[in-house]
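J.: Residue numbers (our numbering), protein chains in the order written: chain A, 220 to 470; chain B, 2 to 410.
1) Please report the residue range of the beta strand (DSSP E) in which residue 99 of chain B lies.
2) Decide if residue 400 of chain B is buried, meaning its Cβ has at least 16 other Cβ atoms within 10 Å, or exposed.
3) Look at the Cβ atom of residue 246 of chain B, then the Cβ atom of residue 353 of chain B, and state whether they are nearer than 8 Å.
4) Assign residue 336 of chain B to buried or exposed, taking buried as 16 or more other Cβ atoms, counted over all protein chains shown, within 10 Å of its Cβ.
5) Which residue wins for smallest C-alpha separation from residue 362 of chain A, given the options A:405, A:445, A:453, A:308?
6) Under 7 Å, CB to CB, which of the residues in the region 300-315 of chain A have a partner in chain B?
7) Should residue 279 of chain B go down as buried or exposed, given a rule of 16 or more other Cβ atoms within 10 Å for buried?
8) Within the same chain, show all residues whose beta-carbon is closer than 7 Å to that of residue 316 of chain A, passing over the 5 residues directly before and after it, in chain order.
9) What does the Cβ neighbour count give for residue 330 of chain A, buried or exposed, with the cut at 16 atoms within 10 Å?
10) Exposed or buried, residue 462 of chain A, counting other C-beta atoms within 10 Å across all chains shown (16 or more means buried)?
11) To test your reading of the DSSP string, which unbroken alpha helix (DSSP H) runs of 4 or more residues are found completely within the region 200-241 of chain B?
12) Could you tell me the alpha carbon to alpha carbon distance between residue 56 of chain B and residue 262 of chain B, rounded to whole angstroms?
13) In chain order, what residues of the same chain have a beta carbon less than 8 Å from the beta carbon of residue 273 of chain A, not counting five sequence neighbours either side?
14) Pull up the distance between the alpha-carbon of residue 258 of chain A and that of residue 424 of chain A, whole angstroms please.
15) Please confirm if residue 447 of chain A has its CB atom under 8 Å from at least one CB of chain B.
16) For a quick check, are the C-beta atoms of residue 252 of chain A and residue 435 of chain A less than 8 Å apart?
17) Taking 8 Å as the threshold (beta carbon to beta carbon), is residue 10 of chain B in contact with chain A?
18) Would residue 333 of chain B pass as an interface residue toward chain A - the criterion being a Cβ-Cβ separation below 8 Å?
19) Any beta-carbon of chain B closer than 8 Å to the one on residue 370 of chain A?
20) Could you tell me which uninterrupted beta strand (DSSP E) segments, each at least 3 residues in length, are contained entirely in the region 283-331 of chain A, listed from first to last along the chain?
21) Which of the three DSSP states, helix, strand or coil, is assigned to residue 194 of chain B?
22) Using only alpha-carbon positions, find the residue among B:355, B:325, B:350 that is nearest to residue 290 of chain A.
23) Between which two residues does the alpha helix (DSSP H) harbouring residue 348 of chain A extend?
24) Please name the residue, chosen from A:351, A:466, A:389, that lies closest to residue 372 of chain A on a Cα-to-Cα basis.
25) Tell me, please, whether the CB atom of residue 297 of chain A is closer than 8 Å to any CB atom in chain B?
26) In this structure, does DSSP put residue 365 of chain A in helix, strand or coil?
27) Would you say residue 83 of chain B faces chain A, with C-beta separation under 8 Å as the test?
28) For the beta strand (DSSP E) containing residue 147 of chain B, list its first residue and its last residue.
29) Classify residue 39 of chain B as helix, strand or coil using the three-state DSSP reduction.
30) Hey, is residue 322 of chain B's beta-carbon within less than 8 Å of any beta-carbon in chain A?
31) Go ahead and pull the three-state DSSP assignment for residue 6 of chain B.
32) Do we get a CB-CB distance below 8 Å when we pair residue 294 of chain A with the residues of chain B?
33) In whole angstroms, give me the CA-to-CA distance for residue 460 of chain A and residue 237 of chain B.
34) Per DSSP, what kind of secondary structure is residue 278 of chain A in: helix, strand or coil?
35) Looking at the structure shown, is residue 351 of chain B part of a helix, part of a strand, or coil, going by DSSP?
36) Using a Cβ-Cβ cut-off of less than 7 Å, give me the residues of the region 237-268 of chain A that come near chain B, in sequence order.
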């Protein structure tokens, strides 16, 4: 279970990205984060694995106090939390396999990492995870030879290498076409059905309704809505996205 | 265009020069906009610039006449088109002809060898005021030689005249025997020593020498570059703002490394060469050290900028997996900067070869040493060989490095 309590993030310069956000996410949920650009979705996700330092508040994953973790413990915290990104963030010039193996860097010792020495077990695991996202035959290709959707699947495999308890996804399909978006989200759904908690920010409400078991909406850093996807009607939609907004469907 | 359909068309604009009453207000408007103070400022700047240039002309002793009427320029320019690159082996030919000073036979004196090379002196004796002719034939064409007059018992061996054979291998000299001569009447012999070029041309010693020195120069630049890379490549990560900006200690290291880069970069290679020659003595080693120090700063700065130019995404993603800082750099940063690092390194080797060609001027080894030697001895043809070699090698490296770099990046 992930507990977020009174989370505040103020960036240098006084911009308050998160304003007293409290959420409780139960194991196995597929939480979709929605909200306008700049509403705080990315900041919230990055506070969970401390890529962004929260200003105040607490985040606890099971019995692990994330916000209290010191530099040394941060590795342990982070390897429990997988993350994928809008721009996939693969090392383009490295092979698919190397990219997936980097997901294991939170476990290997510093010197093993420096000598590029992953164990037999890590290689086996990498191939299994590539198999899970259907890209085992691409293991030895350079990452930038793959299409966007394939790259995002490699990124999922990389995150799976961490054997995380929870998977964060920051706009994972915003750079993809509709058909590819579905294929990537189906893999996330698959992982979720196998028991992993997923917190995923999305732009399209239709995708949120299709894949989310729960929708959380942020507006200007505040929690606007927390409930079932089906509960978002036209009025709620306008309150989240503004009076001018018109919902666009993605097939 | 669809929106304009159905609307009345506007009348065609008038064609031809605008009416004068339109032009004048326009000019007046332009003149109004011109701030008179701006014009004064512009004039002052212009005058100041002219004054600085005039002062510069005087201070640097510019004298165009010296360039137009320069007696020393001709031999240098001539040497430039006649570099000493090829030489031929020389075979020495010797012929001896007896000769009487004072009253003697009036017939010709003659000597020849099996190859049909002959020297004929007419007459075979000479008194003061008499004209003596020397005819050689059958020799190699275009050969230089000496005609010496000798008398071993009197201990006399002197150069009588220099000879040069024509295209047919002949020469012809005429001399009037001097009235007062240091040669007392006796029997002497004329000895012809001719250096005949043989065989096909081969590379001259100068060419081989400069080739060797050029090789040394390229290796000097290579060693300097390699050591420069070994030192500056790891440092460059510490001098990249995006990797070091997080903590106050990081920022401190960043500024320190950048300071080292700036200082080492600001000292010219020649000055470093002078310093290193004092420390380790004359030779290539001093040159290598000078190149190393200079390269640390420049390479370090270029590498650091490459590191700062990476995509931050992969670094963020690898940080998120729980990787430590060093692994994150190794897996997230290094693969991204490798092509740029390689391109920068090749460019810098090319640059260092250029720098190494002048290091010899201060005793830092390499081909510059040869150049300054030849120039000091006024051996312009040899100096031209060195100069052309520098031009060719530097140009070739320039092209090669550009070609390799364009493939890398």
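Glycine is no exception: its CB is placed at the ideal position from the N, C-alpha and C atoms.
Quantities reported herein were computed from a predicted structural model and do not represent experimental measurements.
T.: A quick look at the data gives this:
1) Counting from one through the second chain, the residue named residue 99 of chain B turns up at place 98. That run of the beta strand (DSSP E) goes 87-102.
2) What you label residue 400 of chain B is simply residue 399 of the second chain in a count that begins at 1. Exposed.
3) The count along the second chain starts at 1 and reaches residue 246 of chain B at position 245. The count along the second chain starts at 1 and reaches residue 353 of chain B at position 352. Contact flag unset, no.
4) Taking the first residue of the second chain as 1, we reach residue 336 of chain B at position 335. Buried: at least 16 other Cβ atoms inside 10 Å.
5) Within the first chain, numbered from 1, the residue matching residue 362 of chain A stands at position 143. Closest option to residue 362 of chain A, Cα to Cα, is A:308.
6) 302, 304, 306, 308, 309, 310, 312, 313
7) Residue mapping note: residue 279 of chain B aligns to position 278 of the second chain, counting from 1. Exposed, by the Cβ-count rule.
8) If you number the first chain from 1, residue 316 of chain A lands on position 97. Excluding residues within five positions, the ones whose Cβ falls inside 7 Å are 345, 358, 359.
9) Numbered from its first residue, the first chain carries residue 330 of chain A at position 111. Exposed is the call here.
10) Here residue 462 of chain A refers to the residue found at position 243 of the first chain. So residue 462 of chain A ends up on the exposed side.
11) 206-239
12) In the second chain, counting from the first residue as 1, residue 56 of chain B sits at position 55. In the second chain, counting from the first residue as 1, residue 262 of chain B sits at position 261. Computed Cα separation, rounded: 36 Å.
13) Taking the first chain and counting its residues from 1, one reaches residue 273 of chain A at position 54. Contacts found: 226, 227, 228, 237, 266, 286.
14) Here residue 258 of chain A corresponds to residue number 39 of the first chain, with the count starting at 1. Here residue 424 of chain A corresponds to residue number 205 of the first chain, with the count starting at 1. C-alpha separation (whole angstroms): 15 Å.
15) Taking the first chain and counting its residues from 1, one reaches residue 447 of chain A at position 228. It does not; no Cβ of chain B falls within 8 Å.
16) Position 33 of the first chain, counting from 1, holds the residue named residue 252 of chain A. Position 216 of the first chain, counting from 1, holds the residue named residue 435 of chain A. Yes, the Cβ-Cβ distance between residue 252 of chain A and residue 435 of chain A is below 8 Å.
17) For the purposes of this step, residue 10 of chain B is identified with residue 9 of the second chain, where counting begins at 1. In this prediction, residue 10 of chain B has a pLDDT of 46, which is less than 50 and means its spatial position is unreliable; nothing more can be read from the coordinates.
18) Stepping through the second chain from its first residue, residue 333 of chain B is reached at position 332. For residue 333 of chain B, the answer is yes, since a Cβ of chain A falls inside 8 Å of its Cβ.
19) What you label residue 370 of chain A is simply residue 151 of the first chain in a count that begins at 1. Not closer than 8 Å to any Cβ of chain B, the Cβ of residue 370 of chain A fails to qualify, so no.
20) 300-303
21) Counted from its first residue, the second chain places residue 194 of chain B at position 193. Strand, per DSSP.
22) As a position in the first chain, residue 290 of chain A is number 71, starting the count at 1. With distances taken between Cα atoms, residue 290 of chain A lies closest to B:325.
23) Numbered from its first residue, the first chain carries residue 348 of chain A at position 129. Note, residue 348 of chain A: alpha helix (DSSP H), 339-351.
24) Locating residue 372 of chain A in the first chain gives position 153, where the first residue counts as 1. Comparing Cα-Cα distances from residue 372 of chain A to each of A:351, A:466, A:389, the minimum goes to A:351.
25) Here residue 297 of chain A refers to the residue found at position 78 of the first chain. It does: the Cβ of residue 297 of chain A has a partner Cβ on chain B nearer than 8 Å.
26) The residue given as residue 365 of chain A occupies position 146 in the first chain. Residue 365 of chain A falls in the coil class under three-state DSSP.
27) In the second chain, residue 83 of chain B corresponds to position 82, counting from 1. With 8 Å as the cut-off, residue 83 of chain B does not count as an interface residue toward chain A.
28) In the second chain, counting from the first residue as 1, residue 147 of chain B sits at position 146. 145-152 is the span of the beta strand (DSSP E), which, as asked, contains residue 147 of chain B.
29) On the second chain, position 38 is the one that residue 39 of chain B refers to. Here residue 39 of chain B sits in helix by DSSP.
30) Translated into the one-based positions of the second chain, residue 322 of chain B becomes position 321. Cβ-Cβ to chain A under 8 Å: yes for residue 322 of chain B.
31) Mapped onto the second chain, residue 6 of chain B falls at position 5. At residue 6 of chain B the pLDDT is 41, less than 50, meaning the model places this residue with poor confidence; the figure from the coordinates comes in the next sentence. In the structure shown, residue 6 of chain B sits in coil (DSSP, three-state: anything other than H, G, I, E or B).
32) As a working mapping, residue 294 of chain A is identified with position 75 in the first chain. Judged by the 8 Å Cβ criterion, residue 294 of chain A is in contact with chain B.
33) Start at 1 with the first residue of the first chain, and residue 460 of chain A comes out as number 241. Start at 1 with the first residue of the second chain, and residue 237 of chain B comes out as number 236. Rounded to whole angstroms, residue 460 of chain A to residue 237 of chain B spans 46 Å at the Cα level.
34) In the first chain, the residue the question calls residue 278 of chain A occupies position 59. Reduced to three states, the DSSP call for residue 278 of chain A is strand.
35) The count along the second chain starts at 1 and reaches residue 351 of chain B at position 350. Reduced to three states, the DSSP call for residue 351 of chain B is helix.
36) 268
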